[in-house]
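Beneath this line is the structure, given in structure tokens, with notes to follow.
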């Protein structure tokens, strides 16, 4: 029922990145995420879909502990990244976030130059020894963000002066500049027009070669287009998780079917 | 998608009347709007009116303080009087007090009047002391002590006229008003009229009002605001050096790091309350803590600065927190998302964006502190310093001093109306300072403001 482009649907068993077992998230007294078990693989795009308020963004933010910034948020259960519990006391969230990068819903470049936007992460993590090396890192990141050709002549221009789609690709470039292993994307295209969306989706597919990508999206077409695996969340529960093709063509759960056919949500 | 069908209402359709004619309801609404606009315009006009009254009265009353009457005379520095031993020894010269110089000045003025062939009713040179300021002798003595070689020469001096003569030229003193005045007579004023015509007495710009020190009750013509400006400057250094780092650090902690709980709520409420505490309360706190308990010197700019710091801190904290709050959270997310620590995200991204607001708040807090009088009175920041540079001028943070507003207050309480004029003049200087600070605040805001 959806025009899915001829993506690589043959799912080879990739190395496991994230293994989540019995994850519970509470906001104060509200039980936002209930008993979620999910396994995210390397070099795979996993899409989280579901109606608004179902907890998919909350769960995504658990994966790099961005929820730590919310005082009343409490996470239980195990989230293992390469077999290390990321909520272990010894884990420094700063190091974790260098490994698990994030792209946000609204493009949020720093009010600095394009160069400084991308160079900020490598600088604070000491990824470049000198200016020339940093230049290389920035160029590589901007190329990976598919924005190099548009901005190579004006790296000193402010990042906030770009168009919405360019800003979002700049943010993706900024996120990949720190060489993360996992890239979390929280509705990266919701503020973009269809052309910019297409560019970002193409980019996500390219990023799959190097990263494990997790994307939260409201657009089921987008999930179908870019992801290999799809997780459907509903009211804080992980209803169904499986190969994208199977979820969209032959869902096992009734709620999934209702959602993808537009009856709930 | 949606199951609800629209209730189109069928036949029931409200009649709205003609679009060109206003119905009663619309008219009432429009009248209410017009009334509200009128209230606003009236309020603003009232404000502007009083601002104009304020400025006009300050300028008309205060500008005269920047003009002073001087008498130009040639004084013969008589060696017989000034240096009896004839050896120009500074110690000997010092023994001749200003009383020794007075006859020389009186004689010089007397001779000058006679040389112009004026119709003077005054026979005695001693009467000239009514015309010349009591400070003139000190001016002469200072110049002689500085360069003893001047003795024996005849030099031209611009001597301050007495405050009555000055007031007469400025219109403050009239023949009627001096009926009871022992310091000047009607004959003196007649003579002054002639001297003005002859060009011996003239008004000129009064630099010593801006740079000079305060003077005693009997010689308002000599009083200046320079020393208390210095005192205010020292205090502002202390306030800036303490309140900016403490205030910004406290706000960053409260805004970015502190957990949200009852305790921080309590602190927050109390900081807001502190901003509303009357300044005289801070004054008595300063008296108790800094002077009685810590035994810091009285009247010192250091203590004044500490008290004003306490007073300014809430203002700075509140404005800094407001500008930190105004930084969009997406910037913090972005920084945390690339693996910056909390502190890095604050210092690399949030603080620079909040800078214009912080600077504006700080400068407004400083301006508020600059104009504060009440706490200074309680800690004795009304030191009376009457000697000019280099002797006696308050030289540091621990020496007694005054401050601009305290000096203005002092002048306003003195009896001689000549001080009244100087109080207005001091207010002009204070306002110039405040306006300069506000302009700096605006410029900094413009300079650092960035869009996101």
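Protein chains in written order, with the numbering used here: chain A, 932 to 1196; chain B, -4 to 447.
Even for Gly, the Cβ is constructed at its ideal location relative to N, Cα and C.
Relative to the Cα of residue 1079 (chain A), the nearest Cα in the group A:1097, A:989, A:1062, A:1064 belongs to A:1097.
Of the residues B:282, B:190, B:88, B:246, the one whose Cα lies closest to the Cα of residue 267 (chain B) is B:246. When rounded, the separation of the alpha-carbon atoms in residue 999 (chain A) and residue 311 (chain B) is 29 Å. The beta-carbon separation of residue 65 (chain B) and residue 155 (chain B), rounded to 6 Å, stays under the 8 Å limit for a contact. Within the stretch 120 to 199 of chain B, the alpha helix (DSSP H) runs of at least 4 residues that lie entirely inside it are, in chain order, 131 to 141, 158 to 165, 181 to 193. Sequence-distant Cβ neighbours of residue 355 (chain B) in its own chain, meaning closer than 6 Å and more than five residues away, are 436, 440.
Partner residues in the beta bridge of residue 377 (chain B), as assigned by DSSP, are B:397.
In the three-state DSSP reduction, residue 959 (chain A) falls in the coil class, being neither helix nor strand.
Only those residues of the stretch 1091 to 1111 of chain A whose C-beta falls short of 8 Å from the nearest C-beta of chain B are listed: 1091, 1102, 1105, 1106, 1108, 1109. Annotation for residue 1160 (chain A): the continuous beta strand (DSSP E) segment containing it runs 1160 to 1165.
For residue 1051 (chain A), the closest Cβ of chain B is nearer than 8 Å.
By the neighbour-count criterion, in which 16 or more other beta carbons inside 10 Å mark a residue as buried, residue 96 (chain B) falls on the buried side. At a cut-off of 8 Å, the C-beta of residue 1037 (chain A) has a neighbouring C-beta in chain B. Between residue 303 (chain B) and residue 364 (chain B), the CB-CB gap stays under 8 Å.
Within the stretch 304 to 329 of chain B, 325, 326, 328, 329 place their CB atoms closer than 7 Å to a CB of chain A, listed in sequence order.
Take the alpha-carbon of residue 412 (chain B) and the one of residue 142 (chain B): they are about 36 Å apart. The alpha-carbon separation between residue 202 (chain B) and residue 238 (chain B) amounts to approximately 33 Å. Chain-ordered listing is empty here: chain A has no CB closer than 7 Å to the CB of residue 48 (chain B), the nearest sitting near 44 Å. The contact set of residue 1033 (chain A) on chain B, defined by CB atoms closer than 7 Å, consists of 332 in chain order. For the stretch 1007 to 1026 of chain A, the beta-carbon criterion of a distance under 9 Å to any beta-carbon of chain B is satisfied by 1023, 1024, 1025, 1026. Contact of residue 1071 (chain A) with chain B by beta-carbon distance below 8 Å is absent, the smallest such distance being about 16 Å. Bridge partners of residue 1010 (chain A) according to DSSP: A:951.
Classified as exposed, residue 338 (chain B) has fewer than 16 neighbouring CB atoms from the shown chains inside 10 Å of its CB. About 5 Å separates the CB atoms of residue 182 (chain B) and residue 116 (chain B); that is less than 8 Å, so the two are in contact. Three or more Cβ pairs closer than 8 Å define a contact, and the stretch 81 to 91 of chain B meets that threshold against the stretch 128 to 148 of chain B. Residue contact with chain B for residue 1056 (chain A): present (Cβ-Cβ distance below 8 Å to some residue of chain B). In the three-state DSSP reduction, residue 409 (chain B) falls in the coil class, being neither helix nor strand.
The residue from B:296, B:308, B:233, B:243 with its alpha-carbon nearest to that of residue 269 (chain B) is B:308. Listed along chain B are 326, 329, 344, each with a C-beta nearer than 7 Å to that of residue 1041 (chain A).
No Cβ of chain B is located within less than 8 Å of the beta carbon of residue 1151 (chain A). Sixteen is the threshold: since fewer than 16 other Cβ atoms of the shown chains lie within 10 Å of the Cβ of residue 13 (chain B), the residue is exposed. With respect to chain A, the C-beta atom of residue 255 (chain B) has a partner C-beta closer than 8 Å. Listed in chain order, the non-local C-beta contacts of residue 136 (chain B) below 7 Å within the same chain comprise 93, 96, local neighbours out to five positions each way being set aside.
Under DSSP, residue 1116 (chain A) takes part in a beta bridge, and its partners are A:1034, A:1146. In the displayed model, residue 62 (chain B) falls within a strand according to three-state DSSP.
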